[in-house]
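> Okay, handing you the structure first.
Number of protein chains: 2
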Amino acid sequence: MTDSTSGQGPLTGIVVLDLTRVLAGPYCTMLLADLGARVIKIEPKTGDDSRQYGPWVNGRSAYFMSLNRGKESIALDLKNDSDRAVFEALLPQADVLVENYRPGTMTKLGYGWETLKERFPRLIYAASSGFGQTGPYARRPAYDLVVQGMGGIMSLTGHPGGPPTRVGTSVGDITAGLFTAIGINAALVERSRTGKGQMVDVAMLDCQLAILENAVARYFATGKAPAPTGARHPAIAPFEPFATSDGHVVIAAGNDALFRRACETLGMPELADDPMFATNDARFENVLALKARFEALLQGQTTDHWLALLEEAGIPCGPLNDVAQALNMEQTKARNMVVDIAGEEAGGLRTAGNPIKLSGHADPDFRGRAPDLDADRERILQALNLPTGQA
Amino acid sequence: MTDSTSGQGPLTGIVVLDLTRVLAGPYCTMLLADLGARVIKIEPKTGDDSRQYGPWVNGRSAYFMSLNRGKESIALDLKNDSDRAVFEALLPQADVLVENYRPGTMTKLGYGWETLKERFPRLIYAASSGFGQTGPYARRPAYDLVVQGMGGIMSLTGHPGGPPTRVGTSVGDITAGLFTAIGINAALVERSRTGKGQMVDVAMLDCQLAILENAVARYFATGKAPAPTGARHPAIAPFEPFATSDGHVVIAAGNDALFRRACETLGMPELADDPMFATNDARFENVLALKARFEALLQGQTTDHWLALLEEAGIPCGPLNDVAQALNMEQTKARNMVVDIAGEEAGGLRTAGNPIKLSGHADPDFRGRAPDLDADRERILQALNLPTGQA
Numbered sequence: 001m002t003d004s005t006s007g008q009g010p011l012t013g014i015v016v017l018d019l020t021r022v023l024a025g026p027y028c029t030m031l032l033a034d035l036g037a038r039v040i041k042i043e044p045k046t047g048d049d050s051r052q053y054g055p056w057v058n059g060r061s062a063y064f065m066s067l068n069r070g071k072e073s074i075a076l077d078l079k080n081d082s083d084r085a086v087f088e089a090l091l092p093q094a095d096v097l098v099e100n101y102r103p104g105t106m107t108k109l110g111y112g113w114e115t116l117k118e119r120f121p122r123l124i125y126a127a128s129s130g131f132g133q134t135g136p137y138a139r140r141p142a143y144d145l146v147v148q149g150m151g152g153i154m155s156l157t158g159h160p161g162g163p164p165t166r167v168g169t170s171v172g173d174i175t176a177g178l179f180t181a182i183g184i185n186a187a188l189v190e191r192s193r194t195g196k197g198q199m200v201d202v203a204m205l206d207c208q209l210a211i212l213e214n215a216v217a218r219y220f221a222t223g224k225a226p227a228p229t230g231a232r233h234p235a236i237a238p239f240e241p242f243a244t245s246d247g248h249v250v251i252a253a254g255n256d257a258l259f260r261r262a263c264e265t266l267g268m269p270e271l272a273d274d275p276m277f278a279t280n281d282a283r284f285e286n287v288l289a290l291k292a293r294f295e296a297l298l299q300g301q302t303t304d305h306w307l308a309l310l311e312e313a314g315i316p317c318g319p320l321n322d323v324a325q326a327l328n329m330e331q332t333k334a335r336n337m338v339v340d341i342a343g344e345e346a347g348g349l350r351t352a353g354n355p356i357k358l359s360g361h362a363d364p365d366f367r368g369r370a371p372d373l374d375a376d377r378e379r380i381l382q383a384l385n386l387p388t389g390q391a
Numbered sequence: 001m002t003d004s005t006s007g008q009g010p011l012t013g014i015v016v017l018d019l020t021r022v023l024a025g026p027y028c029t030m031l032l033a034d035l036g037a038r039v040i041k042i043e044p045k046t047g048d049d050s051r052q053y054g055p056w057v058n059g060r061s062a063y064f065m066s067l068n069r070g071k072e073s074i075a076l077d078l079k080n081d082s083d084r085a086v087f088e089a090l091l092p093q094a095d096v097l098v099e100n101y102r103p104g105t106m107t108k109l110g111y112g113w114e115t116l117k118e119r120f121p122r123l124i125y126a127a128s129s130g131f132g133q134t135g136p137y138a139r140r141p142a143y144d145l146v147v148q149g150m151g152g153i154m155s156l157t158g159h160p161g162g163p164p165t166r167v168g169t170s171v172g173d174i175t176a177g178l179f180t181a182i183g184i185n186a187a188l189v190e191r192s193r194t195g196k197g198q199m200v201d202v203a204m205l206d207c208q209l210a211i212l213e214n215a216v217a218r219y220f221a222t223g224k225a226p227a228p229t230g231a232r233h234p235a236i237a238p239f240e241p242f243a244t245s246d247g248h249v250v251i252a253a254g255n256d257a258l259f260r261r262a263c264e265t266l267g268m269p270e271l272a273d274d275p276m277f278a279t280n281d282a283r284f285e286n287v288l289a290l291k292a293r294f295e296a297l298l299q300g301q302t303t304d305h306w307l308a309l310l311e312e313a314g315i316p317c318g319p320l321n322d323v324a325q326a327l328n329m330e331q332t333k334a335r336n337m338v339v340d341i342a343g344e345e346a347g348g349l350r351t352a353g354n355p356i357k358l359s360g361h362a363d364p365d366f367r368g369r370a371p372d373l374d375a376d377r378e379r380i381l382q383a384l385n386l387p388t389g390q391a
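Protein chains in written order, with the working numbering: chain R, 1 to 391; chain P, 1 to 391.
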């Protein structure tokens, strides 16, 4: 634990053995560390692959650093006897083990759930994988782009008739990390009642299906696969970005009263009485004509100009921010959603904060730094009363 | 509870008062119900707005039904004295209260956290809102499209120079639902140790920032906002969809060995020795030339043809499925990721399953149906020893 905020949170006292690499697993255990758990990252001797991914800050991977803040590191080769002895000494102290190997790997190492559950009945064993522990695809390799493509979200993203479009962030991994964190916490709740652990099995593909939202209902209700809708809401208008003189403004006027107020605010009240636009159904049928009318006006002034007017009138609206703009918003700062990394201030490494704000705990504006490979070996071995010489 | 699977799971015995509407909140409480909690949905007399959203199955909103499966419903007007008496009788039995009103609304009703924490110190009070309970934007209205635009994910999604592109599913709401569920479960873990509840405050905007992933590291490392990358990985090649004769195949050959194996499998082994493509850096620099070479070949045969070859060789790959194809995969069926709704089989209402698979609990292939408005009033009032006449 590398700073005073680690170990503070609702999961204080929970010990997590973290055998995960790259993204879905480390994202999950980052959430657990943010919530106060002690996360011991067990890396191969060559380190988590993502230590080699750019961009670089202070000679270290900013990618790795942002996903592994507040964790400890020990390098263990689980095929080596003396390292296995260390792992064996850690296991009885663990509340949770998280791994994101391909199914079967932990069993080959002698540490599959079927073995560990007999030895450590209180242990919660969480496995995050591409396709899950079961089914015909269980042993296949997966990456974010594979499950985004397979799970349907790419078929809903992009413009009709346009090229395939990926969601611009790795939602295939990240949603798996989120669902795994929910499963682990729920298993901890149950253990507090029963004293028993269990296995949590989360597949990236399954998570993509679970976030398809109303596309699933639309498919089963109509028998037709929904098409992508570009940047527009699939059923409500106006509910999309409109071009201004220097960018775009999103206007989300979801009912007739809001539409009327938006038209009045923009100085074209006659639009709300026009039969082409008087109801949501009419507006949606004439959505291109509506867009043309709005943009003819909106392109005459800046985004800031229109946002000030619309916000004043209480119309749901907002800019299309790039990442720099999003991270520098006053609201972002007020919510501690950009945090410093302890000890890295000089290098400018900053990362997204924890969006779970809890009344029982401070929401620090910094987080512990990510560990160097094997940085915590000595301290961990000492605490286990194991010899601290090089393994 | 409308079928035998409700109340089975790690959250068995947990009672949730659910004051949420439409999406972020109901998605969160759906997860809690899937995990075994008893979720009592407290609706206004006119019902959750989303009861009016299409598509329609058996005369009911498939949208509402898919988000509110396995919950109970009671209609309460919290400005009406006799309904407030019912709410007052429910509160002492609640472990968790979830609301997604605009900040301030619950306080006006006399049920803000600051009041409830004094009366019910074990209560976990979760609020999911657009911008959170604090900061200059706290009281602003928000919708999914507003926070997608403001939070930066739309700036990463789509093709360079192309029109703005929304993520094709409501990730603004859904990620808020996921983080709120993590916060609630973590607070339950802490309560099992301390006996005390707390407030969980989750903002949709914050959650958008928390899933920006390596875009945050890239921005702080370089000072430049990352651009959208279409359907391609921002740093690895080949890692994108390629056109075939009847669709696309995603190939994710993330290192030199996989690239060589892919080239050999596709019958163009010379590509792996070509200096233009021999290393990932070279491939990424020549990514358009690489794409042209791959597609010149791949467009000669079907997606199924190429997938069979690539899968056999162990190359990470997959199709670009539409929602129908994704929901009908063998793997989807094997994982129970499409579930029936009890009592609705005749109408064909089916919905996405729960991606959290737990060894301690069955993973049913059906879920309880969503309640009609106020359907559980009589039973709830009887259990509270309140008169059951019309309120």
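Even glycine gets a Cβ: it sits at the ideal position worked out from N, Cα and C.
None of the values given here were measured: they were computed from a predicted structure.
In the DSSP assignment, find the unbroken alpha helix (DSSP H) run with T105 of chain R in it and report its ends.
For this step, residue 105 of chain R is matched to residue 105 along the first sequence. Taken as a continuous stretch (DSSP letters only), the alpha helix (DSSP H) holding T105 of chain R covers T105 to K108.
> So, does the CB of M106 of chain R fall closer than 8 Å to a CB anywhere in chain P?
Position 106 of the first sequence holds residue 106 of chain R. Under the 8 Å criterion on CB atoms, M106 of chain R is classed as non-interfacial with respect to chain P.
> Going by alpha carbons, who is nearest to A176 of chain R out of R:G25, R:V15 and R:A370?
Indexing the first sequence from 1 puts residue 176 of chain R at position 176. The residue with the shortest Cα to Cα distance from A176 of chain R is R:G25.
> Is it the case that the Cβ atoms of A186 of chain R and G197 of chain R are separated by a distance below 8 Å?
As a first step, residue 186 of chain R must be located in the first sequence, where it is residue number 186. As a first step, residue 197 of chain R must be located in the first sequence, where it is residue number 197. No, they are not a contact pair.
> Check the DSSP bridge columns for L97 of chain R and list the partner residues they point to.
One-based indexing of the first sequence puts residue 97 of chain R at position 97. Per DSSP, R:L17 and R:Y125.
> Starting from G195 of chain R, find everything on chain P with Cβ-Cβ shorter than 7 Å and list it in chain order.
Here residue 195 of chain R refers to the residue found at position 195 when the first sequence is read from its first residue. Ordered by position in chain P, no residue passes the 7 Å Cβ test against G195 of chain R, which lies about 12 Å from the chain.
> Starting from the Cα of T229 of chain P, find the closest Cα among R:G158, R:G110, R:E88 and R:G36 and give me that residue.
Mapped onto the second sequence, residue 229 of chain P falls at position 229. The candidate whose alpha carbon is nearest that of T229 of chain P is R:G158.
> Can you tell me whether N336 of chain R is buried or exposed? The criterion is at least 16 other CB atoms within 10 Å of its CB, across all chains shown.
On the first sequence, residue 336 of chain R is found 336 positions in, with the first residue counted as 1. That one is buried.
> Does the beta carbon of L178 of chain R come closer than 8 Å to any beta carbon on chain P?
The residue labelled residue 178 of chain R in the question sits at position 178 within the first sequence. Yes - at least one Cβ of chain P is within 8 Å of the one on L178 of chain R.
> To the nearest angstrom, how far is it from the Cα of P234 of chain R to the Cα of D173 of chain P?
In the first sequence, counting from the first residue as 1, residue 234 of chain R sits at position 234. In the second sequence, counting from the first residue as 1, residue 173 of chain P sits at position 173. P234 of chain R and D173 of chain P: Cα-Cα distance of roughly 15 Å.
> Do I74 of chain R and R261 of chain R have their C-beta atoms closer together than 8 Å?
One-based indexing of the first sequence puts residue 74 of chain R at position 74. One-based indexing of the first sequence puts residue 261 of chain R at position 261. Their beta carbons are not under 8 Å apart, which means I74 of chain R does not touch R261 of chain R by this criterion.
> Tell me where the alpha helix (DSSP H) around R369 of chain R begins and ends.
As a first step, residue 369 of chain R must be located in the first sequence, where it is residue number 369. Looking at the DSSP string, R369 of chain R is not in any alpha helix (DSSP H), and its letter there is neither H nor E.
> If you check the beta carbons only, do L307 of chain R and V250 of chain P fall under 8 Å apart?
As a position in the first sequence, residue 307 of chain R is number 307, starting the count at 1. As a position in the second sequence, residue 250 of chain P is number 250, starting the count at 1. No, they are not a contact pair.
> Whose Cβ in chain R lies nearer than 9 Å to the Cβ of M150 of chain P?
To locate residue 150 of chain P, count along the second sequence from 1; it is residue 150. Neighbourhood of M150 of chain P in chain R, by CB distance below 9 Å: V250, G318, P319, L320, N321, Q325, A326, M329 and Q331, in chain order.
> Are the C-beta of C263 of chain R and some C-beta of chain P separated by less than 8 Å?
What you label residue 263 of chain R is simply residue 263 of the first sequence in a count that begins at 1. No, its Cβ sits nowhere closer than 8 Å to a Cβ of chain P.
> Between V216 of chain P and V323 of chain R, is the Cβ-Cβ spacing less than 8 Å?
As a first step, residue 216 of chain P is located in the second sequence; it is residue number 216 there, counting from the start. As a first step, residue 323 of chain R is located in the first sequence; it is residue number 323 there, counting from the start. Yes, Cβ-Cβ distance for V216 of chain P and V323 of chain R is below 8 Å.
> According to DSSP, simplified to helix, strand and coil, what is D173 of chain R?
To locate residue 173 of chain R, count along the first sequence from 1; it is residue 173. Correct three-state label for D173 of chain R: helix.
> Does chain R have any CB closer than 8 Å to the CB of R218 of chain P?
In the second sequence, residue 218 of chain P corresponds to position 218, counting from 1. At least one chain R Cβ lies under 8 Å of R218 of chain P.
> Taking only the alpha-carbon atoms, compute the straight-line gap between K333 of chain P and L327 of chain P and give it to the nearest angstrom.
For the purposes of this step, residue 333 of chain P is taken as residue 333 along the second sequence, with counting starting at 1. For the purposes of this step, residue 327 of chain P is taken as residue 327 along the second sequence, with counting starting at 1. Their backbone Cα atoms lie some 8 Å apart in a straight line.
> Answer yes or no: does any C-beta atom of chain R fall closer than 8 Å to that of S128 of chain P?
Within the second sequence, the letter at position 128 stands for residue 128 of chain P. Chain R, which has no Cβ nearer than 8 Å to the Cβ of S128 of chain P, makes this no.
> Can you round the beta-carbon distance between L349 of chain P and F242 of chain R to whole angstroms, since I take them to be within the 8 Å contact cut?
Reading the second sequence from its first residue, position 349 is the one you call residue 349 of chain P. Reading the first sequence from its first residue, position 242 is the one you call residue 242 of chain R. Going by Cβ atoms, the distance from L349 of chain P to F242 of chain R rounds to 36 Å, so no, they are not a contact pair.
> Count the C-beta pairs between the segment 105-115 of chain P and the segment 33-41 of chain P that are closer than 8 Å, then say yes if the count reaches three, no if not.
Below 8 Å, too few C-beta pairs join the segment 105-115 of chain P and the segment 33-41 of chain P to call them touching: fewer than three.
> Closer than 8 Å, CB to CB, is E425 of chain R near chain P or not?
Given that chain R is displayed from residue 1 to residue 391, the structure contains no residue 425 of chain R and the question cannot be resolved.
> For V392 of chain P and chain R, any beta-carbon pair shorter than 8 Å?
There is no way to answer for residue 392 of chain P, as the model of chain P reaches only from 1 to 391.
> If I follow the unbroken beta strand (DSSP E) through A243 of chain P, where does it start and stop?
Taking the first residue of the second sequence as 1, we reach residue 243 of chain P at position 243. DSSP places A243 of chain P inside the beta strand (DSSP E), whose first and last residues are F239 to A243.
> According to DSSP, what are the bridge partners of L358 of chain R?
The residue you call residue 358 of chain R lines up with position 358 of the first sequence. DSSP, once it has assigned bridges, lists P:V200 as partnering L358 of chain R.
> Under 8 Å between C-beta atoms, does S170 of chain R make it to chain P?
Locating residue 170 of chain R in the first sequence gives position 170, counting from the first residue. Answer yes: the Cβ-Cβ gap between S170 of chain R and chain P drops below 8 Å somewhere.
> Mind reading off the beta-carbon distance from P160 of chain R to F120 of chain R? Whole number of angstroms is fine, and I expect it under 8 Å.
Working through the first sequence from its first residue, we reach residue 160 of chain R at position 160. Working through the first sequence from its first residue, we reach residue 120 of chain R at position 120. About 53 Å separates the two Cβ atoms, so there is no contact after all.
> Pick helix, strand or coil for Y53 of chain R, following the three-state DSSP scheme.
For the purposes of this step, residue 53 of chain R is taken as the residue at position 53 of the first sequence. It is coil, neither helix nor strand.
> Under 8 Å between C-beta atoms, does Y137 of chain P make it to chain R?
Translated into the one-based positions of the second sequence, residue 137 of chain P becomes position 137. Chain R, which has a Cβ nearer than 8 Å to the Cβ of Y137 of chain P, makes this yes.
> Determine which residues share a DSSP beta bridge with H248 of chain P and list them.
As a first step, residue 248 of chain P must be located in the second sequence, where it is residue number 248. Paired residue(s): P:A243.
> Could you pull out every residue in the same chain whose Cβ sits closer than 6 Å to the Cβ of S4 of chain P, ignoring the five residues on either side in sequence?
Position 4 of the second sequence, counting from 1, holds the residue named residue 4 of chain P. With a pLDDT of only 42 at S4 of chain P, under 50, the local geometry of the prediction cannot be trusted, and the value read off the model is given with reservation. For S4 of chain P, where only same-chain residues beyond five positions count, there are no Cβ hits under 6 Å.
> With 8 Å as the threshold, decide whether the Cβ of V339 of chain R is near any Cβ in chain P.
The residue labelled residue 339 of chain R in the question sits at position 339 within the first sequence. It does not; no Cβ of chain P falls within 8 Å.
> Please report how far the alpha carbon of S82 of chain P lies from the alpha carbon of I315 of chain R, in whole angstroms.
Residue mapping note: residue 82 of chain P aligns to position 82 of the second sequence, counting from 1. Residue mapping note: residue 315 of chain R aligns to position 315 of the first sequence, counting from 1. Each residue's Cα considered, the two are about 35 Å apart.
> Below 8 Å between beta carbons is the criterion; list the residues of the segment 55-75 of chain P that meet it against any residue of chain R, in chain order.
P55, W56, V57, A62, Y63, M65 and S66
> Can you give me the start and stop residues for the alpha helix (DSSP H) that V287 of chain R sits inside?
Translated into positions along the first sequence, residue 287 of chain R becomes position 287. Note, V287 of chain R: alpha helix (DSSP H), V287 to L298.
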